[in-house]
Each structure stands twice: as C-alpha cells, then as structure tokens.
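K.L.:
Numbering-wise (our numbering), the sequence shown opens with residue 261 and increments by one. Structure below; questions to follow.
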Amino acid sequence: MDYRTLPESFRGTLPFALAPLALATTLILPTAALAQDAEAEVAADERITVIGSRLSVRTATDGTAPVDIISGEQLAASGLTETARALQYAVPSFNFPSSSITDGSDAVRPASLRGLSPDHTLVLINGKRRHSSALVHLNGTTGRGSSNVDLNAIPISAIKRIEVLRDGAAAQYGSDAIAGVINIVLKDQYEGGSVTVNGGQTFEGDGEQYKVHGNVGFELPNGGNFTVAAEFHNKNKTNRAGLDPRQQYPLVNGEPDPREDEFDRLSHHVGDAEFDNTSVFFNANLPLSKGELYAFGGVSDRSSQSGAFYRRALDNRNILDVYPDGFLPLLSPETSDVSTTGGYRFSLGEWQVDASAGMGVSEFQYRLENSINASFGPTSPTEFDAGTLKLEETNASIDFSRFIPFANNSDLAIAAGISYRENTYIIEAGDPASYEDGGFDNRPAGSQGFTGFKPESEVDESRDNVGFYAEVENMLTTNFQWGAAVRYEDYSDFGSNTSWKVSGRYDITDELAVRATANTGFRAPSVQQIYFTNISTLFINRDGELVPEQSGTFNNISPVAQALELGNLQAEESQSFSMGLVWNGLDGLSLTIDAFQIAVDDRIILSSSLVPGDSPAVADALAAAGADNARFFINAVDTTTQGVDVVLTKDFDWGRNGTLGVQAAYGYNKTEIDDVNLPAILDGLESKLFDGVEQTRMTESVPRNSGSVAFTHDLGDLQTRLAFNYFGDYVLQNNSGLRTTFGGKWITDLSAQYRYNDQLTLSAGVQNLFDVYPDEQDPSNQFNGIFIYPNTNAPFGFNGGYYYAEVTYAF
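This is the structure in structure tokens:
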C-alpha cells in the first residue's frame, strides 16, 4: 500500500491507528507501562453519581452520555504540574495550547473541548458553577474573544477526580454547557494526607521549576470531614526565540555603530512565562441530625512575567537616555481567584433538598516592568500599573429531587430547581503615565508592551438571571434507561431562553449497549464580551511587516458600535445530537465510540480589525473614537462541528509479573462555517470583519485528530508508565493570507514510581522523551527569524523535552 495515495484525512489518523499494533509487541515485557483507568479504583460494589446523570452507576460507561473520569492519582502520576495540561493529556478532546507574546493570554491560557470555543465548556466544582477569568483573550490565540475558567488556579493536590461530560447539557446546568461540562470533585478525606516536592527542567536547561503541594484531612463531629490542600509552584521562563539580525543602533556618521557586534541578539522572549503560583483550597462536610452542611472554596494568587516585542535602540518608542541598548517590555500581571460556596442538604418529606449559595472573584491586574512611555521622555517611569479587570459572580440555587414509583416496577428520578446568578464586570483605569501623551518629541504615548486602560474604558456593570429547570430519569427495564430535561432562563439584558434535552440507552446484551442524546443549548454573552473596551497599541502584519497601530476594542454599548448599528449581543444557540456504542466484555475490555454533531447559531466573535478605508461609515466611526482600526464583539457566525470520540481500556493480570493497565483514546472534530451574518450597514465587509485569519482560527487552529495510547505496569512496589500522545495537523493563517499547516506529532512520556514504604514514594520521569518540536513557521512569518515556532498556538508547546523527579511523603 502506498501511504501517499491515501486520503489526507486518513493519513492524519493512520499513525494513531497503527501505533497500538506496533506497541503490542512490547506488552510481553514486564517493564512496559501505561495509564490505568480511574474506574478501576471504584470497588465492584460501590456506586457513584457522576456529572450528567442523577442515577448512581458503577462505571462511567453505564450512562446515557459519554463521561470521562480521571482520578487525582492519575493526574499526579502524569508528572505534569498544571491541572489543565494534565487534563489535556488524559482527555484527547480537551485542547490546551501554549502561546507566547500574546499579552494576558501568556498568563491565563485558553482551553477548549471538542474543537469549540473555550467559553462553550461549563466548569463546575463539586457540582456547582465556577466563575470564569476576568481576562479576555484579545490576540492571536485559539479562542480569541473568549474568556474561560482558569483551571490552573485549582491545585492537583485538591482534586479527588475530574468528570468530563462530552455532551451538551445546558438544559441540566445552564448557560455555556454547549461542548460539555467539566466537574472537579474535591478531596474529602477524614484523616491523613501527603506532601509532595517536585522539580525539573527542560532538555535545553531552562524552564526550571519546583512545586511543593499537599493535602490533609481532619475528622469532624458526626462523621464529617474537613480537607485542605495547598500548593506553591515556581517556574522559570523558557525561550526558543531566534537571534535578531536587525540593525539595533542609529548609524554613527553613516556607519554601523560598533556596538552592533557586541549586542546580545537573543533579545526576545518566545516561550513559557515565568510565574509563582500559590493556592489553597478546602472542602468540608458536617452531618447534622436532619441534614448536612457543606462548604468548599479556595484562593489562588499568581505572579507571572512574559515578554513583548523588543524595542530596538533606534526605535522612536525608545529613549536612549533610559535604554541605550533598547529594551524588552515585560508584562508582569498579578492574577487572583477567590471563591467560596456553602450549602445545606436535607430531607423534606420524600424530597431531598439542596440549598446553596456561592461567590467567586477573578482579578487580573496588568503590570509593566522594564517599559517606558516615550512621550514622557527621559523622565518617564519604567514600571506601570496599566489597569485591572475584575469579574464578580454570585450564585444561589435550591434543588429538589426524589424517586417515585413508575411503570414496570421501576423508579422515576425527578428533579427540579431554581437558580439565581449575578455577574459584575469592572475595568479600572491604569496609572495616568500608562496611557497619557506627555508630548515629548512627538513620541508614541502609552506604556510600551501594553497601553494602560484609560478612564474612558472604565466600567462597573452588572447583569443577573433567574433559571428554572425540571428533569426526569428512569431505568425502565434492566436494559433500557432514558432521561429528559427542560430549562428556562431569563436574563436582565438580552432576554430569555428555553433549552431541552432527551437521552436514552439500550443494553442489547450484557456486553453491548447503544446510547443517544439530543439537546438544544445556549450560551449567554459574557459580561466580559458585553462591556470590555480598550484602545491599545498592537502590532499588525501589513504586507509582511509588523507595524504599530492604535487598535480599539469597543463594546456594544459604545457610540462607535451604535453608529455601526451592531445592536446588543444575543445568546448563542445550539442543537446537538450524539449516538454511541458501549461494549464491555472479554475479561474487562471496555470500548466506547461516540459520534456527535453540534450546530451553533449566532456565535459571538471578536471581529477582525476594520480600518477607515473599508467604508465611509467605518471611517466616521473610527475618527470619532480616535482609533486607526477597530474590533467588536458581534453575533455573526453559524457553525457546525462534527466528530467522534473513542475510548478503549483493558487490564491484564500477569501473575508474578504484575498487572498492566492499557488505555487508548482518540478524538476527531471538524468545524465548518455555515453562514456569516452582519448588520446591513456593514454589507460587503464580510471578508473584512471575519477575515481568513479568523475563519481559519475558528475552524482549523485546533488539531482535528488527537489521541493517546498509555500503559501502566505495576510490579510490587514499582510502577512504570509509558504514554504516547498524538496531536494532529492544524492550520494557521496570517494577515497576508499565508496558510501554514503544522504536521501532527507524537509525544512520548516515560516515568517510574517506587514506593519505598507506606509513607515514602519516589518518582522520576521524562516528558517528551524524544525532544519533539512543532514544525517551524514559514520563513516569511518568522519576523526576521525570531519566531521560529508557532508562538500564538502550539498544542503541546514548543519547549522540547523535560525531565523531573519528585518525592511524596504520606501520613
């Protein structure tokens, strides 16, 4: 067979298809290893309730919709130090790319599920809604224009398990649950705990990091418990920038400055940001005579630092008296997340009642170091507070549930509830020096690296909504299970929405079952998208050259948006269908195959930049706002996403040679644009407002094919793990129309863990064993050879190999 003659879509999946066969020959070796299935940790007689269902099950494969369960032990065993990155390697349909020189997105990176937008995934903690980040992704990352929950604010040491529902669930949980739901279940131990120290660095010798984290549990009266987990994580930067070949200094008498020969050409920082992250989470349950009190929450603070574009000595944005050799502006934001939730569960006759309330606050403070406002001349400060973004969210709900007798001697699970949510978005202006024009020598105004928020950008706006839902679920026979849900939500700004869902499962035999779901969903426009506004200096690719322009991001209540008749943002609405096959047989082998289709209408986008030459109406609006170009949040795009997820697990008992757990997973998704809808005043500007760059970003910037094959081998006190993760082809496009396809890559991880005694465990491992990097960018898109790799979107990063060691003490 000639591999080159196969269809392109199949060539991308062929390595994944052949890998298990090629690796099967290694299974006879007792040292082979891979990731174990978390469900194996649930005793045979134990039943749990997982996200997406109110019926207790023994394994996630018993439900009507696909659910992945990843234990905290699995997350820790991966050796990955970030919660979102560990989840990405455990669930192929979850995407968490790396980026660099993307402003705030270097500190809080976008994450998405099933190829959709980051804000199409709802995140819960202990079944309760988690607040999103205040940051809006503005630059060239996947998910541009969205905000997402910062999963890295939640320490791995606090997590008992993560449940990933790969199905629409807005009718059950409300806005945002279009792609699925991620539920993080916190640890709830009664005693004991552990402390882990982890350290490592890349093969290149940078990116050094260490993490100290642990947890401890205490018993409370009446069989209650209180668990607290803490983490301190320090990481140094990585840098994969190319050398800067450009002229750095002004000419001296028409000749190059002698300092050109001595200048350190590694002037840019293109790689992971450095950061310090501290987080503390707690989880408590206290049974009482007639119910149970519970509470959980946490605090996370992160200080990070990443570079912007280097300002050369000859640049008019530089002041030679301050930086004679030029300077690299450093974006050093301070991010914090605070949350707490409390509730009371009790019985009211035959009903089980859960009343709860919670709040969450995300704050993102833009800080600049090693910068300057050139318009202030030599007296300019070099550090700036460029402003603060803040999101506040309050949730309250009361849920009722019970079982009633139903047909065929079965029980019908009934649930209903009321929820209330208030969201507040605040923008605070930066120091005046971060945005004012000091008038010196006609130099550019504003702090270099990120122009501060002006008083005109300040907002303090809120909106609230009330939701009502009802849900039923039933195991009608031992072979047939079904469920239905409906939800109505009313918002104070855009109006109301009604969503519904039906699901079913039929066990054809003891080993084989089919399942299907159909649902509608919605995502309310976030308060970030409604109210965010700022004018800043961005570098725009104009005919292959990056040039600075005053770029405005205007909200939909601004005069310029009203002049362009954009209208208020409306909810995105979805229609989803899925069908799956479940097979459990052959001595514990488990296979699930689930196909899905998700159509989303009126998707909210952050538009491409409009310039005065596009139309007289645009020219007038921009002139009034004082911007060279402008972007807007607008309901503009209808899309359809289709895909399939496959998960296969098997455990082998090799007697005195130990046990082997095998897990393989594959995810495919493809998004297509069905229609682009614009206001009449912008007719003819479809290709400008939503250009090829943004279309490619929405449909092709996430790998369509992804997968993993993992082995975990246990032999006495020694556990070894070998994992192969595949990140498929993806495409990026620049403003000049250049489309670059980055080929799929396999990443290999190898680790070993030795339990010295009941208290002490030693671990060591290598991530990206073969030091794999993404394909290099086209030379014309490398910015003078400096951006060698795709710095705005790299699914597995561009740091190369990494090795680490850790010690865990349990008590």
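For each residue, glycine too, the CB sits at the ideal point set by N, CA and C.
Let's test the definition: count the other Cβ atoms within 10 Å of the Cβ of Ile664 and tell me whether it reaches 16, buried, or not, exposed.
P.N.:
Its Cβ having fewer than 16 others within 10 Å, Ile664 is exposed.
K.L.:
Per DSSP, what are the beta-bridge partners of Ser679 in this structure?
P.N.:
Ser657, Gly727.
K.L.:
Closer than 7 Å by C-beta to Asn937: which residues in its own chain qualify, once you throw out the five before and the five after it? Chain order, please.
P.N.:
Taken in chain order, the residues that qualify are Ala896.
K.L.:
Within the chosen definition, does the segment 424-434 reach the segment 457-466 through at least 3 CB pairs nearer than 8 Å?
P.N.:
No, they do not touch.
K.L.:
How would you call Val396, buried or exposed, if buried means at least 16 neighbouring beta carbons within 10 angstroms?
P.N.:
Buried, since its Cβ has 16 or more Cβ neighbours within 10 Å.
K.L.:
Please classify Thr456 as buried or exposed, where buried requires at least 16 other C-beta atoms within 10 Å of its C-beta.
P.N.:
Thr456 comes out buried.
K.L.:
State the beta-bridge partners of Gly567 as determined by DSSP.
P.N.:
The partner list for Gly567 (beta bridge, DSSP) reads Leu590.
K.L.:
Take the Cβ of Ala568 as the centre, count every other Cβ of all protein chains shown within 10 Å, and call the residue buried at 16 or more, exposed below.
P.N.:
Buried, because 16 or more other Cβ atoms sit within 10 Å of the Cβ of Ala568.
K.L.:
On the DSSP bridge assignment, give the partners of Ala855 in chain order.
P.N.:
In DSSP, Ala855 forms a bridge with Met839, Val904.
K.L.:
Taking only runs of the beta strand (DSSP E) that begin and end inside the segment 434-494, which ones reach a length of at least 3 residues, in chain order?
P.N.:
If we require 3 residues or more, the beta strand (DSSP E) runs fully inside the segment 434-494 come out as 440-446, 453-462, 469-480.
K.L.:
Pick out whichever of Glu594, Ala855, Thr931, Thr1068 has its Cα sitting closest to the Cα of Leu1020.
P.N.:
Per the Cα distances, Thr1068.
K.L.:
For the candidate residues Asn412, Ser359, Pro326, Leu411, whose alpha-carbon lies nearest to that of Leu398?
P.N.:
That would be Ser359, whose Cα lies nearest to the Cα of Leu398.
K.L.:
So the candidates are Val559, Tyr583, Ala533, Glu594; which of them puts its Cα closest to the Cα of Ser566?
P.N.:
Measuring from the Cα of Ser566, the nearest candidate turns out to be Ala533.
K.L.:
Pull up the DSSP beta-bridge partners for Pro547, would you.
P.N.:
The partner list for Pro547 (beta bridge, DSSP) reads Glu552.
K.L.:
Rounded to whole angstroms, what is the Cα-Cα separation between Ala298 and Gly332?
P.N.:
The pLDDT assigned to Ala298 is 44, lower than 50, so where the model puts this residue is not dependable, and the model offers no usable value.
K.L.:
Report the rounded CA-to-CA distance for Gly1004 versus Pro357, giving the unit in angstroms.
P.N.:
The straight-line gap from Cα to Cα measures roughly 14 Å.
K.L.:
Going by the CB atoms, is the gap between Val922 and Leu211 shorter than 7 Å?
P.N.:
It is not possible to answer for residue 211, since the shown part of the chain is limited to 261 through 1071.
K.L.:
DSSP three-state label for Gly502, please.
P.N.:
Correct three-state label for Gly502: coil.
K.L.:
Since Ala617 sits in a beta bridge, which residues does DSSP pair it with?
P.N.:
Answer by DSSP bridge pairing, in chain order: Gly602, Ala656.
K.L.:
Taking only three categories from DSSP, how would you classify Pro872?
P.N.:
It is helical.
K.L.:
By the DSSP assignment, the alpha helix (DSSP H) with Lys948 in it spans what residues?
P.N.:
Note, Lys948: alpha helix (DSSP H), 946-949.
K.L.:
Pick helix, strand or coil for Phe971, following the three-state DSSP scheme.
P.N.:
Residue state, collapsed to three classes: strand.
K.L.:
Of the choices Trp611, Pro481, Val613, whose alpha-carbon is the least far from that of Leu548?
P.N.:
The shortest Cα separation from Leu548 among Trp611, Pro481, Val613 belongs to Pro481.
K.L.:
So what does Gln612 bridge to, in DSSP terms?
P.N.:
Note: Gln612 sits in a beta bridge opposite Ser607, Ser661.
K.L.:
Hey, how far is the Cα of Arg1015 from the Cα of Gly477?
P.N.:
Taking the straight line joining both Cα atoms gives about 22 Å.
K.L.:
Could you round the C-beta distance between Pro415 and Glu491 to whole angstroms and report it? I think they count as a contact, below 8 Å.
P.N.:
Their Cβ separation, rounded to whole angstroms, is 4 Å, which keeps Pro415 and Glu491 in contact under 8 Å.
K.L.:
Using only CA atoms, which one of Ala1070, Val582, Lys761, Gly1045 lies nearest to Ser527?
P.N.:
Comparing Cα positions, the closest option is Gly1045.
K.L.:
Assuming Ile687 contacts Leu649 (C-beta within less than 8 Å), just tell me the rounded distance between them.
P.N.:
With 8 Å as the limit, Ile687 and Leu649 qualify as a contact, their Cβ atoms being about 6 Å apart.
K.L.:
Once DSSP output is grouped into helix, strand and coil, what is the label at Val962?
P.N.:
Of the three classes helix, strand and coil, the one that applies to Val962 here is coil, per DSSP.
K.L.:
Cα separation between Arg747 and Gln857?
P.N.:
For Arg747 and Gln857, the distance between alpha carbons rounds to 21 Å.
K.L.:
Could you pull the start and end residues of the alpha helix (DSSP H) that Arg345 belongs to?
P.N.:
Counting along the chain, the alpha helix (DSSP H) containing Arg345 begins and ends at 343-350.
K.L.:
Looking only at C-alpha atoms, which of Val991, Asn1028, Glu954 sits nearest to Leu982?
P.N.:
Of Val991, Asn1028, Glu954, the residue nearest in Cα terms is Asn1028.
K.L.:
Work out the CA separation of Gly764 and Ala673 for me, nearest whole Å.
P.N.:
Spanning the two alpha carbons is a distance of roughly 14 Å.
K.L.:
Do you know whose CA, among Gly453, Ser377, Gly400, Lys471, lies nearest Thr343's CA?
P.N.:
Among Gly453, Ser377, Gly400, Lys471, the Cα nearest to that of Thr343 is on Lys471.
K.L.:
Where Asn485 and Lys388 are concerned, what is the direct C-alpha to C-alpha distance, given to the nearest angstrom?
P.N.:
Each residue's alpha carbon lies about 19 Å from the other.
K.L.:
Using the rule of at least 16 other Cβ atoms within 10 Å of the residue's Cβ for burial, across every protein chain shown, is Ala702 buried or exposed?
P.N.:
Before going further, note that residue 702 is Asn rather than Ala in the sequence given. Flag for Asn702 reads exposed.
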